[in-house]
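Residues -21 to -1, 1 to 536 (mature numbering (1 follows the signal peptide of the UniProt record, and there is no 0)) make up the sequence shown, in order.
By construction, the Cβ of each residue, glycine as well, lies at the ideal position given by its N, Cα and C atoms.
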Amino acid sequence: MRIKLHFTAFVLFNLSSFYLAGQNIKLTLPKSGDYVAPETFGAKGDGIADDRVALQAAFNAAQTTILLSGNYKISGPLIVPSNKKIIGQQSTITAPNRSFFDAIIIKGSKNIFIEGLTIKANDGENAFDKAIYIIDGKNIVIANCTISNIGVESSKLEYGFGILVSGSFKASPSGNFGSENIKILNNTISNIKGYGNARGDFVCIQHSSQVIIENNYFNKCSRQGIAIADFATDIKISNNFILNTYLDGIDIEPDSPKSITGHISIKNNTIRNFGCKPKFTIGIQSYGIDCHANQSNIDIEGNQIFASSDSSLAGINCQSDSYYIRIVNNSITGNNVLKKGISLYSGSGAKSLIIANNIITGFKEYGIDSYKNGTITIIGNQLESTIGIIGIKSNESECIISNNFITISSNSPNVLGLAVFQSGIKRIQNNVVKINSGIAYQFVVSKGFYSTGSLFSDNSAINLGKGKIAYSIETADFAPDFQFINNYSDSSFPKKVLPEHFAIISENGISPPSSGYYVKGSKIYNLIPIENGYTGWICINSGSPGTWKPFGKIAPQ
């Protein structure tokens, strides 16, 4: 029977050449004499005998090793030399439960294709430290493999990876990376048990560049789903299903603040039940996608993120001095357990953050929270929550906020539909805010935080129930050219309130307001000084429209 199967495999692989499904990767299968099977070197494939020596001999002997159907038990790691193809035909590489070593090691090798293998413990529990360990590898493809039940306790205190891609030295600004051109495609990886602060991931990338992680199915791990660590760049993560991660779904978190990490694309992934079982300390928070530390050129687009744990802090988080970040067209479902839809805390050095066309529902606190970002554009997002507190908040950021649709039907009196605190307002325009209680738009800005030419126009405030205030603006020193134009307030609001020190631009500067409720201290600046040379009008008594007098006489020209 073994001879017949061996001959069948030879005929099939002698005649065939094909493209891997869904990928632009051509697999040219071996000609006569270019392949071996481990049985040639005495492998049994019965799950009982130790086949390590036979497998290693097969790997060394020919360009292609074909593993026939069977369970190949090993007692130590298999080392893959350069220019090799390892093809599995319903075959499993296995080890006794609690065996602590790496199943396959690719160290300093190049041009390797591994396809169709299953790697798991022999008795269905857990074995191995890492299923596949790539260190200083070049041009490696891991495709259509099944990896499960990886990670056992050991005296080393840290263990457990599905696939680890790394380098023996750190990358440098000159562009030297340990591993390059690595493709991880169409694999199924599950039940990765890790121990320690840096173990337990389906896939971990560090000291590497040009890595593609695509079309994989990941289910249940004890840390991050996909972890991007130090000195990793040109990484593409797309079309993966990432389910049931104890911590983050995807985590970009270099250990070194000087690490080169960037040019990372995260697109069209589905992430469910992240933060499902926090470890280490009580109260640790988790994210669907977490971009942490200094990074550049991060593109997060088209992902679907579903939260189901109270430890879920945010669907997407960006932190530290990140720049050139795009977060667009993502769907984040909070299920009333997610604290924040998108959280941004990137520091004053951050710039060019674009948050656009995302759909965020079921958040508990904030839909979008921006704090201390250099420049940020928040445009075209849809936010909805029945229990949330703030739809969009910008704090100490240079902001453009436009064309967003915010609905918060919570009865909390602390609701703020769109809130700006100590931020430079470039443009807040064409937003629609619907609230059931609280304040639709609130701005609290001190001297030095405003932007020249600030524009607040064509926004709408809709009262769903007992909303208190449509527009609340508090500032001691607004820019004289701040423009508040053509904003709509639903008449069902108790009254349109423009609190103390609110400054708007008068269309003609000839007379103070004749309608609307104004609080003492509100100001209107004249576009053109009137005949007596006064700068504008100030409300000296609150009311509808209140009592006004001119202020700021200008010396005759």
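- Relative to residue 423, the option among 448, 449, 402 and 350 whose CA is nearest is 402.
- Residue 251 has 222 and 285 as its beta-bridge partners, per DSSP.
- Ranked by Cα distance from residue 418, the first of 360, 390 and 226 is 390.
- When the beta-carbon positions are compared, residue 397 and residue 370 come within less than 8 Å of each other.
- In the three-state reduction of the DSSP assignment, residue 399 falls in the strand class.
- Straight-line spacing of the CA atoms in residue 345 and residue 318 works out to 7 Å.
- Between the alpha carbons of residue 230 and residue 180 lies a gap of roughly 10 Å.
- Remark: C-beta atoms of residue 334 and residue 356 approach each other more closely than 8 Å.
- Contact check for residue 140 and residue 93: beta-carbon distance about 16 Å, past the 8 Å limit, so the pair fails to qualify.
- Within its own chain, the residues whose Cβ lies closer than 6 Å to the Cβ of residue 400, once the five positions on either side in sequence are excluded, are 374 and 423, listed in chain order.
- Taken atom to atom, the span from the alpha-carbon of residue 527 to that of residue 266 is near 51 Å.
- Taking residue 188 as the centre and dropping the five residues before and after it, the same chain places the C-beta of 156, 159, 212 and 213 closer than 6 Å to its C-beta, in chain order.
- Cα atoms of residue 202 and residue 433: separation of roughly 45 Å, rounded to the nearest angstrom.
- Counting only unbroken stretches of 3 or more residues, the beta strand (DSSP E) elements lying wholly within the stretch 314 to 352 are 330 to 335 and 338 to 352, in sequence order.
- Rounded to the nearest angstrom, the gap between the Cα atoms of residue 361 and residue 383 is 6 Å.
- Between residue 311 and residue 294, the beta carbon gap of about 4 Å places them in contact (Cβ cut-off 8 Å).
- For a cut-off of 8 Å, the C-beta gap from residue 404 to residue 436 is around 11 Å, too long to register as a contact.
- Look at residue 307 here: in three-state DSSP terms it is strand.
- For residue 255 and residue 287, the gap between their C-alpha atoms comes out near 7 Å.
- If you draw a straight line from the Cα of residue 215 to the Cα of residue 364, it is about 32 Å long.
- The beta carbon of residue 467 lies closer than 6 Å to those of 439 in the same chain, with the five residues before and after it left out.
- A straight line joining the alpha-carbon of residue 503 with that of residue 269 spans about 44 Å.
- Cβ contact annotation for residue 324 (same chain, cutoff 7 Å, sequence separation greater than five): 298, 350 and 351, in chain order.
- Residue environment: residue 291 is assigned as buried (16 or more neighbouring CB atoms within 10 Å of its CB, all protein chains considered).
- The beta carbon of residue 407 sits closer than 6 Å to the beta carbons of 380 and 435 from its chain, once the five residues preceding and following it are set aside; these are given in chain order.
- Per the DSSP secondary-structure output, residue 434 pairs in a beta bridge with 406 and 462.
- For residue 35, the enclosing alpha helix (DSSP H) starts and ends at 31 to 40.
- Per DSSP, residue 472 lies in no beta strand (DSSP E) segment and is marked neither H nor E.
- DSSP, read as helix, strand or coil, puts residue 524 in coil.
- Separation of residue 193 and residue 165 (C-alpha to C-alpha, rounded to the nearest whole angstrom) is 7 Å.
- The beta carbon of residue 167 is closer than 6 Å to those of 125 and 196 in its chain, skipping five residues each way along the sequence.
- 227 is the residue among 111, 63, 227 and 240 whose C-alpha sits nearest the C-alpha of residue 251.
- Residues 41, 42 and 43 of the same chain have their beta carbon placed closer than 7 Å to that of residue 13, with the five preceding and five following residues left out of the count.
- Here residue 20 carries a helix assignment [DSSP, helix/strand/coil].
- Rounded to whole angstroms, residue 342 and residue 523 show a C-alpha spacing of 37 Å.
- The C-beta separation of residue 247 from residue 221 comes to about 12 Å, leaving the pair out of contact by the 8 Å criterion.
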